[in-house]
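> In my numbering, the protein residues as written are 422 to 729.
1) Within the chosen definition, does the segment 623-639 reach the segment 594-609 through at least 3 CB pairs nearer than 8 Å?
2) Using a Cβ-Cβ cutoff of less than 6 Å, which residues in the same chain neighbour residue 436 once the five nearest sequence positions on both sides are dropped?
3) Tell me the residue span of the beta strand (DSSP E) that contains residue 674.
4) Hey, is the segment 422-433 in contact with the segment 468-488, meaning 3+ C-beta pairs nearer than 8 Å?
5) From residue 703 to residue 630, what does the alpha carbon distance come to, in whole angstroms?
6) Name, in chain order, the residues that DSSP records as bridge partners for residue 657.
7) Please report how far the alpha carbon of residue 727 lies from the alpha carbon of residue 615, in whole angstroms.
8) With a threshold of 16 other CB atoms inside 10 Å of the CB of residue 632, please say whether the residue is buried or exposed.
9) In the DSSP assignment, what residue or residues form a beta bridge with residue 516?
10) Touch check for the segment 599-609 and the segment 566-586: three-plus C-beta pairs under 8 Å?
11) Mind checking residue 523: buried by the 16 CB within 10 Å criterion, or exposed?
12) What residue ranges within the segment 465-528 form continuous beta strand (DSSP E) runs of no fewer than 3 residues, ordered along the chain?
13) Below 8 Å, can you find three or more Cβ-Cβ pairs linking the segment 675-685 to the segment 700-717?
14) Around the C-beta of residue 640, are 16 or more other C-beta atoms found within 10 angstroms, so that it is buried, or is it exposed?
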């Protein structure tokens, strides 16, 4: 099902808004995970504004402070998944795997009307639930990803339980390509194929970079599509900045296992100034006040998120 022109404009505005909000926050702080927002903006915007069937947010527009770990003696604990709506058999669930993408996710929640812009003022502050590396108490996060590659196993368990219960809602997972360097990821896919877990779709931000530089130089994953297919997934590779292609891939289903959408992205998409740092883009910390001002000028030159 194609996206209408109006929907397309809405998703494009949201993607621009994600980039702008993350850059704004990097400027007010000491940098941040900027390239992750550049590469994932269209994926997150498409998921939230078109693809996922979520209930209304049950989280406060201004997130509450961290209320402690979950447990029988802590009734005040809040799970961040409530920002994606309360669980229901016919509604979808969303799980963010690479939790250093949290700021991009918070920005996506704002663009989707699930979090107030003022909520970002609490980002990375002591005692706040709006953490830099999101936990299961952070807005939009249902589980704590822990080390890379762990959340897909949790998502597989959720999807398997929902399938056995007869739920019609799907489970959507956002992953980064670097996570596929972890063995646990492949175990999870092997398990899902064996148990024919077919109500789960993974969107992968294939931006080809990690903390040590280019993935092809650190530990190459290619041919990742053929590897995933060998482990039982149905795989589609698309331009991760093409909203129509992302939406179309999201509609694909498999009877025998999970679906994986490899969104090939550019880690400085929509922010040409960031290319100067390529390939060392994992975390941007400004080297001088002059560089900060150059990025501020780049922000002012970006189209506003309200443009059609």
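Glycine included, every Cβ here is placed at the ideal spot set by N, Cα and C.
According to the structure shown:
1) yes
2) In the chain shown, counting from the first residue as 1, residue 436 sits at position 15. Answer for residue 436: 462, 463 and 466, listed in chain order.
3) Within the chain shown, the letter at position 253 stands for residue 674. Note, residue 674: premise wrong, no beta strand (DSSP E); not H, not E.
4) yes
5) As a first step, residue 703 must be located in the chain shown, where it is residue number 282. As a first step, residue 630 must be located in the chain shown, where it is residue number 209. Answer to the nearest angstrom: the Cα atoms are 7 Å apart.
6) Here residue 657 refers to the residue found at position 236 of the chain shown. According to DSSP, which records beta bridges pairwise, residue 657 is partnered with 682.
7) Here residue 727 corresponds to residue number 306 of the chain shown, with the count starting at 1. Here residue 615 corresponds to residue number 194 of the chain shown, with the count starting at 1. Only weak support exists for where residue 727 lies, its pLDDT of 47 falling under 50; the coordinates are left without a value.
8) The residue you call residue 632 lines up with position 211 of the chain shown. Exposed, since its Cβ has fewer than 16 Cβ neighbours within 10 Å.
9) What you label residue 516 is simply residue 95 of the chain shown in a count that begins at 1. Note: residue 516 sits in a beta bridge opposite 594.
10) yes
11) Within the chain shown, residue 523 is the residue found at index 102, counting from 1. Classification of residue 523: buried, given that the 10 Å Cβ count is 16 or more.
12) 514-517
13) no
14) Locating residue 640 in the chain shown gives position 219, counting from the first residue. Answer is exposed; the Cβ neighbour count stays below 16.
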